[in-house]
Amino acid sequence: SHLLTMTSSVDAMTVGLDEFFLAFPDDVEAFFTLAYGATHWGAIKSALARPPAYTSVRVNTLVTTQDKLVVALNAALVDFNARLQAQGRPTIAAVPHLSLSDVVIVPSAPRVTAPVDATTTKKIIVDRLCGEAVLRGSDIFARGVMCASSALNAGDRVLVYVDLDHSATRGSDAELHVGRKVLLGVGTAAMPRSEMFRALKGLAVAVQSRLCADAPPLNGVLSGDMYMQNTPSSVVAHVLSPQPGDTVLDMCAAPGGKTSHLATLMQNRGTLIACDRSRRKVLEMKAFFESVN
565 SHLLTMTSSV DAMTVGLDEF FLAFPDDVEA FFTLAYGATH WGAIKSALAR PPAYTSVRVN
625 TLVTTQDKLV VALNAALVDF NARLQAQGRP TIAAVPHLSL SDVVIVPSAP RVTAPVDATT
685 TKKIIVDRLC GEAVLRGSDI FARGVMCASS ALNAGDRVLV YVDLDHSATR GSDAELHVGR
745 KVLLGVGTAA MPRSEMFRAL KGLAVAVQSR LCADAPPLNG VLSGDMYMQN TPSSVVAHVL
805 SPQPGDTVLD MCAAPGGKTS HLATLMQNRG TLIACDRSRR KVLEMKAFFE SVN
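Letter by letter, the sequence shown follows residues 565 to 857 in this note's numbering.
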């Protein structure tokens, strides 16, 4: 697929999230329009262009339970909820999935619609993968920053954009960016501009609010006790329903989420063969499997 956009009022080359939509080649559009009907197909495309309203995490039932993870997650959300309260926004709480006994749902906070002054606020522009992570609740780390306003210092308030056209040169001035970009939210710089482009890792910007449903940052939270996995992916292993002692072949296993779920349902007893097409992916999977017991 490719992304089509319209301009918004923030500036001539900025696209608002609400104006952002997906388009497919004509033959694909025709096929799905016939299959779903124009109205439903339009709704599907609209949903695909937006981050989900909740984050789904799978419980590692070899080391904890669904109820214990709900308690631990809500404790981990204290700082996020304090920030919401300071902004006059409702807090959120993790809840057990009603049908899947090893899944916990973390709803996103309702979106904010505060006006944005793009003329006086400093800005950064991130790459596409970083932008997608921001929409799913992540803060911004140094490797994802492509451009930043000059004289940006730690503690400065910044607008966060994602580069749509892959036109940004790493290290360039964000004010000089001429391609299309999407405004994602507002954050606070955690390091000065110069350090953002020297560092290979480290927190660059703490995101304070997003212009979409606001998901909490969960990367690295309760590592080993849970795994961030979309609900449909968690359903897969339950449909297969492997039992202890079974033999299972997973022929496209990286990064290992479904495979580790199969092992959990098998209570780590049986034979589970996980394959992928590169040695690097297999080594990364092996390290992940060891980290989650």
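Glycine included, C-beta positions come from ideal geometry on N, C-alpha and C. Note that the structure is predicted; figures quoted are calculated from it, not measured.
Asked                                                                                                             : Found
Residue 726, enclosing beta strand (DSSP E) - first and last residue                                              : 721 to 727
Span separating the alpha-carbon of residue 695 from that of residue 824                                          : 27 Å
Reduced DSSP secondary structure (H/G/I, E/B, other) of residue 776                                               : coil
8 Å contact criterion, which residue 817 and residue 792 should meet: CB distance rounded                         : Incorrect: roughly 17 Å between the Cβ atoms, too far for contact.
Residue 717, buried or exposed, once every other Cβ within 10 Å from all chains shown has been counted against 16 : exposed
Spatial distance of residue 764 from residue 612 (CA atoms)                                                       : 31 Å
Three-pair Cβ contact test at 8 Å for the stretch 790 to 804 versus the stretch 684 to 691                        : no
Where residue 595 falls, given that 16 or more other Cβ within 10 Å makes a residue buried                        : exposed
CB-CB length for residue 748 against residue 724, believed under 8 Å                                              : 5 Å
Paired residues, beta bridge with residue 751 - DSSP                                                              : 722, 771
As assigned by DSSP and simplified to three states, the class of residue 843                                      : helix
Beta-bridge partners of residue 618, as assigned by DSSP                                                          : 671
Cα-Cα separation, residue 853 to residue 590                                                                      : 42 Å
For residue 676, three-class secondary structure by DSSP                                                          : coil
Residue closest to residue 739, alpha-carbon to alpha-carbon, out of 756, 710, 767                                : 710
Residues near residue 705 by beta carbon distance below 8 Å, same chain, minus five either side                   : 694, 765, 766, 767, 768
Of the listed residues 777, 744, 775, 734, nearest to residue 760 (C-alpha basis)                                 : 734
Cβ contact check for the stretch 802 to 820 and the stretch 600 to 609: 3 or more pairs under 8 Å                 : no
CA nearest to the CA of residue 770, picked from 708, 799, 813                                                    : 708
Beta carbon of residue 702 nearer than 8 Å to that of residue 819                                                 : no
Environment of residue 730 [buried if 16+ CB atoms lie within 10 Å]                                               : exposed
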